[in-house]
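Chains as they are written, first to last, in my numbering: chain A, 3 to 522; chain B, 99 to 580. Ideal Cβ positions, reconstructed from N, Cα and C, are used throughout, including at glycine. As the structure is a prediction and not an experimental result, all values here were calculated from the model.
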Amino acid sequence: MATTISCPNCGKVTNAHLDNCVHCGGALKKAPRHGDTAAPGRSQTCPNCGALVQEGDIICVACGTNLLTGQQIVDDRPLVAEPESSGFPWLVVGLCALVVLVLIILAVVLLGGDAVGKAEELIEQGQTLEALEILDKHLEKKPDDARGQFLRGKLHWLGTQYEHAAKSLDQAATLDPTNEDAAVLAALSYAKLGDDRQLAKAVAVLEPLVARSPANGEAWQLLAQVRGAQGDTSGQIDALRRAVTLRPAEMRPLVSLGIARAVAGEYAAAAGDLAKGASADAAAAAGMVAALQGNAREAGASLDYAVKGETAIQKEALVQLGMLQLAEGSPIEASAHFGQALRLSPGDGTARFFNALCFDAQGNSRDALTDLESLSKGGGAYAADASVQMARIYLRMNETGLALEAADRALGLGAEGVVYHTTRGRIYAATGEADRAREAIRAAIKADPQYAPAHLENGLLYVQLGMPGEGIQELRRYLELVDPSLPDALTEQVRALVDHLQQTMPASQRTGSSAGRIAS
Amino acid sequence: MKSTGVRLTTFLTLFLLAALPGAAWGPTAQTTIVAGAARLMAREHAIPLTNLLDDIRAGAEVSQVELLELLPEAGTDPINAIASEMYLLQAVRTTRVDPYYAYRLGVLGKLTAQVSAPMLDAEATYRTLYLADVERSIGGVVYRHAPRRSVDPRTYFPLVQSQAGARRQLVEKDYQEGVGFRGIASKALSEDVSRSINAVADVWYTILQERVRVVNISKGQMRTYYINALEYYIQNRQVKETEASHARLEALGVQTPDLRKRIADMFYDSRQFERAIEEYEVVLQEQPGRRDVVERIAGYYKEVGDKALRDDRLEEARDAYQSAVAADKLDADAQTSLVEAKRLISDREDRLGEDQAALDQAAALEREAEMQARTGDYGRAMEVLQEAQMLYSGVTTEFPDETRAAQSGLNSVVRRMEELRGEILRNAQRLSGTGSSGDVRALARTKSRELAEEALRKLMRDDYEAYLKELGDTMTRRLEVR
């Protein structure tokens, strides 16, 4: 059944299913809007045709809908020309309706033009919701009102409604490209939303902005941060370089640039940038960069400074200090830093694990085992490593049963690698299980042929098995590979053992054995 | 051949002696006569000249030239020369006969023997033959005693000479007839020799036993005597006698700087340098800055310094050069040598210091090695011992004490290393786990990198959040104003 309506533009009856009036060509339908489902009687637009109605109206003059019941007065008559015989009264009524309609339209136009001002007045009076209502209605009808969009975006921003804020501000920035605040706020709102899609929108707002206003340092800096959040470190660095150029007096862009470069692996450049920043965070970053560059001394100095200044990454700085000192062979100093880190974050596995190793290095095996045990059973990132270390400590204490138990647990936790295999080989050698020891050491050497202790254990196993020639070969390999500066390298002792083994061999075999190695 | 040569030499000597006026008795005969007189004096008069027989013989064996130097008149008037010498010896006589006095008695005995010899006026040819025969036959002479007589040379010797020359013609005749010495000469030899011995003994007896004649012996003669005595003693290194003579010379009161210089030179020439320097110093006290003395002293000390330097006695060399410079400040060589000696000492002290430091360090390393060994760290102990071994080996051999200490330390280190090697083999399986401390370091390094990267990412995130907040606040403030 054809439904008819009165054209909101010319007042003539026309088909409601058409988009445009057949008489005047005016638009019959508004684009449907999400949320435009106000209850009848409360809305200021007709729920059927969307035309503006006055408060207190009962019938929509545009479509004839009863605004109280929602029922439309329908003309079921076929759409045919009216006979001329109906005559004059209908013409007068039509003209009157037309005049009324024009008046209504004029009122709506005038009223709409004041909506933003009214909203501003309401905002000033603290009636933000009412202001927002007015703006919503206004912008529903006039979505291209840049001022209205900005004001609505502002209200949403202040109300931390970043999604709505982002839309309005984006619209405002599009409508008025000179409003750079709108663009920055739109991007900021998108960034606050956080997900990748929103970050992309932020970039889409900011990139045209910096293209139009290349001197806008704020925009460059925000663009850099958003690119960084996207993982576009290269783009981040480019933008930060512009920001640094534009804001030479500010430390933040410089430090941000240093950090970004460090993350990108540009350590030398990063160190240069970070050296200019006087903050604890800059020092922390500089310390981390120095650590990555292998400069332990400089790293230590920077991190000390950062820790004293209470950097944002205080715990990480303390742990890093500890690890640098442990790597340098200073377990006492290292332990002090790990202890501080654990006071800040008692659950930090890295600090606890390495602190346990410091205990062990200081001869405090009991505390070391306690911590390693908790890590091992805790199942965290260090569970397997902790189990391996426990096995080594037990082995040193000649507790081969406990050592094997710990090694088995390490295996269950996914332990692998040369240290694990070597430890296992040592356990088997200690328990006299030569075949298993041989197998484990073979696996160790396969995992890392340059690992000196595996060759030593291999050599000792050969000596134990009465094969001095092969033993000498492996012990010599150990001497070639081991770092002689290690406190337990015992190179002279091993060399003396080799010499002695040489002397025990027949002269014809002394220059080296032709027998293959266990692991070869 | 050799005996022919000796005979020829003796003959020529005798010929020359015979050719000299007044010369008689050959050298052997003269010595025999003088020595015989000495023994006679000891036996008959208890004058202990035999103790000084060497000095007496030395006097008897002086050459004719030396004799004339001591007794210049002996060539022209030997009897007067004897008289003068007797007076002199009486004048310088003391309670004891000292060696030089004995020497002068020997000289006087030689002259007395010559004067009392037979054949003094014989033809030179026969006299020569006679003297040669006496030289061969003197050993068989038998002494014929005669009582001691006081000698007045002017009356005594003419008589003696007359007795000695009584058989001259007979002897000459024997030689002319070919009988030679076998004739009268040999038969009269004991008598002739005894006459000379007795003459010498009489002269000495007169000097030693009789009252001193009041004869005017000048201080010059006495001084000459004492200087000669001094020279004699200095040459023979008779220290006590030297000092006694020196004291007598001093007592004589005839010392002059030149005389002191001469005495000092005697000491110096006989290589009694310290004594010579003492004398030179006295000269310098009397004549400060005397150039020849200063140069002599400085020269001596330089010689001492040079020798000490050659023997590597550096401090002695330095002290000697120091003395040389002190003696002669203008001696540039001494100055240079002193600087060089000081430099050498300083260098040596440096080297000594280095050696001692090396020894101390090596000893400390040995102790450290023992501590390592006690804790079972044999490898480290071996390393430390090797360091000690190197230090001990580096000690020089220049300083004996340090060299011995280094050698001892080296032996100890080598022995201990051998012991440790044995320990190592016994404990081979204890090496298990060696070298694994690097695992912790390696793990720390790996995790350090990971942590650094993660920390930087966290910093970047924090930076992002902080910036959003900061910019948001800024924008909010800006909106509130707008």
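CB-CB length for L492(A) against G536(B), believed under 8 angstroms: No, L492(A) and G536(B) are not in contact; Cβ-Cβ is about 12 angstroms, not under 8 angstroms.
Buried or exposed by the 16-neighbour rule on C-beta atoms within 10 Å, applied to L305(A): buried
Cβ-based neighbour list, V484(A), same chain, cut-off 7 angstroms, excluding 5 preceding and 5 following: A454, A491, T493
C-alpha distance - K545(B) paired with M325(A), whole-angstrom precision: 8 angstroms
Min CB distance E481(B) to chain A below 8 angstroms: yes
Option nearest G173(B) by Cα separation, candidates L209(B), M184(B), T434(B): L209(B)
Whole-angstrom distance between M184(B) and V301(B), CA atom to CA atom: 8 angstroms
Proximal chain A residues relative to M558(B), where beta-carbon distance stays under 7 angstroms: G230, I261, A262, V265
CB contact below 8 angstroms: R519(B) versus chain A: yes
Helix, strand or coil at S332(A) according to DSSP, with G and I counted as helix: coil
C-alpha distance - E414(B) paired with K440(B), whole-angstrom precision: 11 angstroms
Where Y241(B) falls: helix, strand or coil (DSSP): coil
Beta-carbon proximity of A479(B) to L499(A), cut-off 8 angstroms: no
Cβ pair G207(B), V160(B) closer than 8 angstroms: no
Complete alpha helix (DSSP H) runs within the region 167-240 of chain A (minimum length 4 residues, chain order): 182-195, 198-214, 219-232
6 angstroms CB neighbourhood of Y254(B) in its chain, flanking five on each side removed: none
Classification of T473(B) by the beta-carbon crowding that lies within 10 angstroms, buried from 16 upward: exposed
Residues of the region 366-377 of chain A with Cβ closer than 9 angstroms to any Cβ of chain B, in chain order: none
Classification of L428(B) by the beta-carbon crowding that lies within 10 angstroms, buried from 16 upward: exposed
Option nearest L458(A) by Cα separation, candidates A449(A), I443(A), G468(A), K448(A): I443(A)
Under the three-state DSSP convention, the category E435(A) falls into: coil
Backbone secondary structure at R247(B) - three-state DSSP: coil
Residue-chain proximity (T574(B), chain A), Cβ-Cβ < 8 angstroms: yes
Nonlocal neighbours in the same chain, by C-beta distance under 7 angstroms from G204(B), ignoring five residues either side: V132, D153, I154, R155, A156, G157, A158
Burial state of K567(B) (16 or more Cβ within 10 Å): exposed
Local conformation of W159(A) per DSSP, three classes: helix
Inside the region 327-378 of chain A only - beta strand (DSSP E) runs reaching at least 3 residues: none
Validate contact between the region 225-240 of chain B and the region 316-334 of chain B using beta carbons, cut 8 angstroms, 3 pairs: no
Span of the alpha helix (DSSP H) around F497(B): Taken as a continuous stretch (DSSP letters only), F497(B) belongs to no alpha helix (DSSP H), as it is neither H nor E.
Selection of the region 460-494 of chain A by Cβ proximity to chain B, strictly under 8 angstroms: L462, V465, Q466, Y480, V484, D485, L488, P489, D490, A491, L492, T493, E494
Cβ neighbours of G281(B) in the same chain (closer than 6 angstroms, five flanking residues each side left out): D272
Whether L344(A) touches A353(A) by CB criterion (8 angstroms): yes
Chain B within 8 angstroms of R44(A), Cβ atoms only: Unreliable positioning characterises R44(A) in this predicted model, as indicated by a pLDDT of 44, which lies under 50. A coordinate reading is not provided.
Cβ neighbours of M253(A) in the same chain (closer than 6 angstroms, five flanking residues each side left out): G279
As assigned by DSSP and simplified to three states, the class of R502(B): helix
Collapsed DSSP secondary structure at T425(A) in the structure displayed: helix
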